[in-house]
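Heads up, the thing below is written out as structure tokens.
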Amino acid sequence: MPYKQVKFTFGELLIAWEDDVVVYLDFGLDAERAKRYVREGQRYEAPLPPHLKQALDDYENRLPNALERISCRLDVTDFQRRVLTNLRRIPFGETASYGTLAKMMGSEKAARAVGGALNRNPIALIYPCHRIIGASGKLTGFASGIDHKQALLAHEIGERR
């Protein structure tokens with residue numbers, strides 16, 4: 143499975159794909175986390191396919207819909223899929239609480255379970271778990287670290303084109 147490490151102003155990404163479909167995207171180089179989705183002996187470094195490079199460059203340039211055209215394969219539970227699918231409804235540059243996301247799914251009391259599902263999000267950024275904040279408005283719970291979450295939100299909230 144091809145993968146590539148790429149640096150942007152909002153952080154360093156590790157992205158893996160199969161047949162031009164993203165299967166893993168995360169910040170930094172968390173080898174343990176990546177092993178859940180990309181087996182060590184089955185991966186090799188390769189240039190990003192042009193459509194992925196263009197979409198990520200467009201996101202870097204703050205184009206709100208840049209990542210919507212990327213195809214992904216989610217190897218997750220049905221509940222995680224519901225969480226992640228609803229997560230993509232939160233617009234670029236906006237935030238919502240765990241409870242709000244649970245309500246969007248029709249499961250008002252599932253805020254804690256939503257948090258657990260987001261912690262195992264295999265395709266960060268495209269499934270924008272950085273847009274989920276605590277009920278108090280504080281930045282909380284981001285598997286790649288609060289610094290990455292803060293950088294992504296600052297990037298999105300910055301001047302839009």
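Residues are numbered in the working numbering as their position in the sequence shown, beginning at 1, plus a constant of 142.
C-beta: ideal position from N, C-alpha, C; glycine also.
What you are looking at is a predicted structure, and each value in this text was computed from that prediction instead of being measured.
Worksheet item: Is the segment 145–156 touching the segment 196–203 in the sense that three or more CB pairs, one from each, lie closer than 8 Å?
Response: yes
Discussion item. If you reduce the DSSP assignment to three classes, tell me which class Arg303 lands in.
Written reply: With a pLDDT of 47 at Arg303, under the threshold of 50, the modelled position of that residue is not reliable, and no figure is offered here.
Worksheet entry | Local Cβ density within 10 Å of Asn261, reported as buried at 16 or more and exposed below that | exposed
Discussion item. Measuring only the C-alpha atoms, how far is Phe284 from Gly241?
Written reply: 16 Å
Practice prompt. With a threshold of 16 other CB atoms inside 10 Å of the CB of Arg303, please say whether the residue is buried or exposed.
Written response: Any answer about Arg303 is weak, because its pLDDT of 47 lies below 50 and its placement is not dependable; what the coordinates show is given next. That one is exposed.
Discussion item. Looking only at its chain, what residues have a beta carbon closer than 6 Å to the beta carbon of Ser249, apart from the 5 residues adjacent to it on each side?
Written reply: none
Worksheet item: What distance in whole Å lies between the Cβ atoms of Arg273 and Ile232, which are believed to be in contact at a cut-off of 8 Å?
Response: 5 Å
Worksheet item: Curious, which full-length beta strand (DSSP E) runs of at least 3 residues does the segment 224–249 contain?
Response: none
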